[in-house]
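What follows is a single structure, written as structure tokens, with notes after it.
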Amino acid sequence: MASRNRALERILELLTVPCPNDGCSETVLYSETSTHVKHCAYTHRPCPFSSCDFICSFKDLYEHCESSDTFECGTQVFIRPLSGKRIILKEETTEGGGGGEGEIVVVECFQMPQGRIIYASCIGPGTDVFSCKFELYPASGRRLSSESKLERVGEVSDELPGGSVMFVPSFS
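My numbering numbers the first residue of the sequence shown as 185 and each following residue consecutively.
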């Protein structure tokens with residue numbers, strides 16, 4: 185049976201180490217290194233879109249994602265979700281020069297036999313919780329509304345999501 189070295193355990197509890205990612209100047213407790221690396225903007229990860237092999241830090245990913253749609257947190261964004269298509273929204277920021285600091289939100293639309301599923305997620309590191317509100321204005325004139333928290337994801341696939349979605353029934 186192995187004995188525990190409580191003195192060494194105590195030293196490890198108090199030990200601070202630099203983030204292993206190039207560009208990150210933070211120091212964290214040794215025990216919190218893996219949590220920090222998971223949420224660090226400098227951690228290298230593959231582009232979250234299945235058709236792309238680009239590998240970069242989240243800061244570079246913001247610039248890598250092509251989007252003509254940007255949004256300001258708290259303002260309305262008008263989009264037209266089409267089945268099988270992705271809409272990439274990039275948050276406009278004024279802090280830190282605005283380059284690579286905002287959130288990336290992906291809105292996806294899936295066609296189902298009974299209607300459409302609309303799903304939004306936030307890509308990248310971080311622990312902030314964001315919510316979104318979908319309001320649809322179909323030709324019938326009846327408004328459909330749904331509000332949910334955005335799930336943070338590391339990658340986007342073409343599979344149906346498991347989180348909160350908005351279902352828009354077909355009336356044919």
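Even glycine gets a Cβ: it sits at the ideal position worked out from N, Cα and C.
According to DSSP, glutamine 295 sits in a beta bridge with which residue or residues? Position 111 of the sequence shown, counting from 1, holds the residue named residue 295. DSSP lists Arg300 as partners of glutamine 295.
With respect to the alpha helix (DSSP H) encompassing threonine 200, which residues constitute its N-terminal and C-terminal limits? Here residue 200 is taken as the residue at index 16 of the sequence shown, counted from 1. Run containing threonine 200: none in the alpha helix (DSSP H); it sits in the beta strand (DSSP E), 200-202.
With 16 other CB atoms within 10 Å as the buried threshold, where does isoleucine 195 fall? Within the sequence shown, numbered from 1, the residue matching residue 195 stands at position 11. Exposed is the call here.
Euclidean distance between Cα positions of glutamate 275 and histidine 223: The residue you call residue 275 lines up with position 91 of the sequence shown. The residue you call residue 223 lines up with position 39 of the sequence shown. In a straight line, the C-alpha of glutamate 275 is about 18 Å away from that of histidine 223.
Is isoleucine 263 helix, strand or coil by DSSP? As a working note, residue 263 is residue 79 in the sequence shown. Correct three-state label for isoleucine 263: coil.
How would you label serine 305, buried or exposed, when you count the other beta carbons within 10 angstroms and need 16 or more for buried? Position 121 of the sequence shown, counting from 1, holds the residue named residue 305. Buried is the call here.
Put arginine 326 into one of helix, strand or coil per three-state DSSP. Position 142 of the sequence shown holds residue 326. Three-state DSSP puts arginine 326 in coil, outside helix and strand.
Residues near tyrosine 303 in its chain [Cβ-Cβ closer than 6 Å; skip 5 each side]: One-based indexing of the sequence shown puts residue 303 at position 119. Glu292, Pro345 and Val349.
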